[in-house]
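Going by full-length UniProt numbering, the first residue of the sequence shown is number 3, and it counts up by one from there. We put the CB at the ideal spot given by N, CA and C, even for glycine.
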Amino acid sequence: DLTRDFLEKMPKAELHVHIEGTLEPKLKLELAKRNHVELAQKTIEEVKSTLQYDNLADFLAVYYEAMQVLQTEQDFYDLAMAYLKKAAKNNVRHVEIFFDPQAHESRGISFETVLNGLYQATVDARALNVDAHLVMCFLRDYSRNNAQKTLEKALKHQDKILGIGLDSDEHNNPPMKFYYQFAKASEAGFHITAHADVDQVDSINHIKELLEVINVERIDHGTNIVENEDLVSFAAKQKVGFTSCPLSNGFLSPDLKGNEVKYLLEHDVRVCLNSDDPAYFGGYITDNYEAEVEKYNLSADEVKALAANSFKMSWISEEQKQFYL
Ligand code: HPA
Ligand code: ZN
3 DLTRDFLEKM
13 PKAELHVHIE
23 GTLEPKLKLE
33 LAKRNHVELA
43 QKTIEEVKST
53 LQYDNLADFL
63 AVYYEAMQVL
73 QTEQDFYDLA
83 MAYLKKAAKN
93 NVRHVEIFFD
103 PQAHESRGIS
113 FETVLNGLYQ
123 ATVDARALNV
133 DAHLVMCFLR
143 DYSRNNAQKT
153 LEKALKHQDK
163 ILGIGLDSDE
173 HNNPPMKFYY
183 QFAKASEAGF
193 HITAHADVDQ
203 VDSINHIKEL
213 LEVINVERID
223 HGTNIVENED
233 LVSFAAKQKV
243 GFTSCPLSNG
253 FLSPDLKGNE
263 VKYLLEHDVR
273 VCLNSDDPAY
283 FGGYITDNYE
293 AEVEKYNLSA
303 DEVKALAANS
313 FKMSWISEEQ
323 KQFYL
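Following this line, the structure appears as structure tokens:
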């Protein structure tokens, strides 16, 4: 049955994890010391006491504040390796990792410093039996012009970046703001995905734009799609994947969105479970499966479908998928 041990050992892919969201309190303090950054917090307990939020904007403020400790290529490498070791322990065989270069460039850290550190960790993860790739996100609360400049940098490093996503503060930042950048990214051969965080103002309209106009391959969170039956049928037909993150949803909305996940499975929509920002929302991928199983009494068939979907929705080649499914 669905013991912790079974959920941990089950091979899975993780498609929605922000590398900056894997910065554990202990590593935050170590990097602050290494880089001589003066933090307001001196102990792990004090860092943990900052992890309080019940909406997206308040979470993002804490998440961006912590990034100041990330300065060198080695820091980004260490951050990613710490996550990848946890991924290996959770039997994550394939991972597509989000990163936010604009959040670092705005603090004076170069695009290459960030990318090279993270990329080297994905190369070294092969020794851990984890197939790791990078997905660059535009910050949707920054200007379109800033996204355009960031896309141009990504185009110079296309060998190291698998796809393009969209994250950060969604309020008044609809997907259409980046219509042109997504079109260019897709034309250049990047895979594309975007966040439609749970229970945001205009969630269903943002989801509609993503499906009908931007033509994303996946939507991150996006479970508010259940509000519109026609969109659910469309997503099923087009095989658009939804990356739900139960523990994250538990912080930013009234529940873990397990009923929505079950509904999407029943309606043949591809959906899988992920950790989002595990250092901020109380757990890694197995913890997310465990919470969803317990709260919503998921069946073994539902759990197996979620894990199979994680590979089906991934951006690995069709031949490689056969190996996992
Ligand atoms: N939503 C939006 N932006 C983010 C998130 C998220 O869950 N995590 C990191 N940046
Ligand atoms: Zn996210």
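Asked: LYS50: first and last residue of the uninterrupted alpha helix (DSSP H) it sits in; Found: 46 to 50
Asked: Neighbourhood of LEU9 by C-beta distance below 8 Å, restricted to the same chain and skipping five residues each side; Found: THR288, TYR291, GLU292, VAL295, VAL305
Asked: 8 Å Cβ cutoff met for PHE140 and GLN183; Found: yes
Asked: Stretch-stretch touch, CB-based, cutoff 8 Å, three pairs: the segment 147 to 162 with the segment 206 to 220; Found: no
Asked: ASP56 Cβ short of 7 Å to the ligand HPA heavy atom set; Found: no
Asked: Segment contact flag, the segment 42 to 51 with the segment 232 to 252, C-beta cutoff 8 Å, min 3 pairs; Found: no
Asked: Assigned exposure category for GLY260 - 16 Cβ within 10 Å defines buried; Found: buried
Asked: Of the residues LEU254, ARG220, ALA307, VAL49, the one placed nearest GLU98, counting alpha carbons only; Found: ARG220
Asked: Where LEU141 sits in the DSSP three-state scheme; Found: strand
Asked: First through last residue of the beta strand (DSSP E) which encompasses LEU41; Found: That residue, LEU41, is in no beta strand (DSSP E); it is neither H nor E in DSSP.
Asked: Those residues which DSSP pairs with HIS197 across a bridge; Found: ASP222
Asked: beta-carbon ASP222 near the ligand ZN non-hydrogen atom, thresh 7 Å; Found: yes
Asked: CYS278 Cβ short of 7 Å to the ligand ZN heavy atom set; Found: Checking the sequence, you will find Asp at residue 278 rather than Cys. At least one heavy atom of the ligand ZN is nearer than 7 Å to the Cβ of ASP278, so yes.
Asked: Nearest-angstrom Cα separation, counted from LEU258 out to residue 1; Found: Here the chain covers residues 3 to 327 and nothing more, so residue 1 does not appear.
Asked: C-alpha distance - PHE325 paired with ILE318, whole-angstrom precision; Found: 11 Å
Asked: Cβ pair count under 8 Å reaching 3, the segment 165 to 172 against the segment 119 to 132; Found: no
Asked: Element boundaries [alpha helix (DSSP H), containing LYS14]; Found: Note, LYS14: premise wrong, no alpha helix (DSSP H); beta strand (DSSP E) at 14 to 20.
Asked: Per DSSP, the bridge partner or partners of ARG272; Found: GLY243
Asked: For VAL203, the three-state DSSP class (helix, strand or coil); Found: coil
Asked: For ASP3, three-class secondary structure by DSSP; Found: coil
Asked: Backbone secondary structure at ILE287 - three-state DSSP; Found: helix
Asked: Within 8 Å, strictly: CB atoms of LEU120 and ALA84; Found: no
Asked: heavy atom of the ligand HPA below 7 Å from HIS20 C-beta; Found: yes
Asked: Simplified DSSP assignment, three categories, for GLU98; Found: strand
Asked: Candidates TYR286, GLU189, ALA281, ASP102, of which the one nearest LYS30 by Cα; Found: ALA281
Asked: Cβ distance (whole Å) where TYR65 is taken to contact GLU22 below 8 Å; Found: 7 Å
Asked: Within 8 Å, strictly: CB atoms of ASN276 and THR245; Found: yes
Asked: HIS197 beta carbon near the ligand ZN (any heavy atom closer than 7 Å); Found: yes
Asked: THR5 classed as buried or exposed, judged by whether at least 16 other C-beta atoms fall within 10 angstroms; Found: exposed
Asked: Residues bridged to LEU136 [DSSP beta-bridge criterion]; Found: ILE99
Asked: Proximity test, SER250 beta-carbon vs the ligand HPA heavy atom, cut-off 7 Å; Found: yes
Asked: Check: ASP257 C-beta below 7 Å from any heavy atom of the ligand ZN; Found: no
Asked: Between the CA atoms of GLY191 and ASP126 - distance to the nearest angstrom; Found: 25 Å
Asked: Local Cβ density within 10 Å of GLU172, reported as buried at 16 or more and exposed below that; Found: buried
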